[in-house]
Ligand code: 5GP
Ligand code: ZN
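In our numbering, the protein residues as written are 2 to 108.
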């Protein structure tokens, strides 16, 4: 299986990671929809929230903690959005779980 976010998250591309730890990688969205738009991605392949179960659910907590940490690092703690798109009908284009961190809005 060839998955774009598997490759980016595991450093098989030129995309610069702005944060990584054991289970999670983060990078800027190539087509930002906010002044700060970061994608928070598990290193292990999970297609979407629909594939979350009792064995892998802990990754979601890790992703939210990383989001909070990066919001602080990029000075957007006062106001940001965290978004999962689940399924094509909701606009999910990349079939590898990712949390959008969006911030830096004017008001
Ligand atoms: P989705 O629509 O699946 O929730 O979000 C996928 C996001 O990935 C989009 O916001 C899109 O701009 C971003 N994206 C797609 N391909 C690449 C890429 O090759 N590199 C980076 N950095 N972002 C990408
Ligand atoms: Zn993947």
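The C-beta atom is built at its ideal place from N, Cα and C for all residues, glycine as well. A quick note: this is a predicted structure, and the numbers were derived from the prediction, not measured.
*Report whether the distance from the Cβ of residue 29 to the nearest heavy atom of the ligand 5GP is below 7 Å.*
It does: the Cβ of residue 29 is within 7 Å (strictly closer) of some heavy atom of the ligand 5GP.
*With distances taken from CA atoms, which of 88, 35 and 41 is nearest residue 27?*
41
*Just curious, the alpha helix (DSSP H) that residue 6 is in, first and last residue?*
5–10
*Nearest CA to the CA of residue 3: which residue from 46, 65 and 25?*
46
*Pick out the complete beta strand (DSSP E) segments inside the stretch 34–76, 3 residues or longer, and give them in chain order.*
37–43
*Within 10 angstroms of its Cβ, does residue 106 collect 16 or more other Cβ (buried), or is it exposed?*
With fewer than 16 other Cβ atoms within 10 Å, it is exposed.
_Buried or exposed, going by whether 16 or more other CB atoms sit within 10 Å of the CB of residue 66?_
exposed
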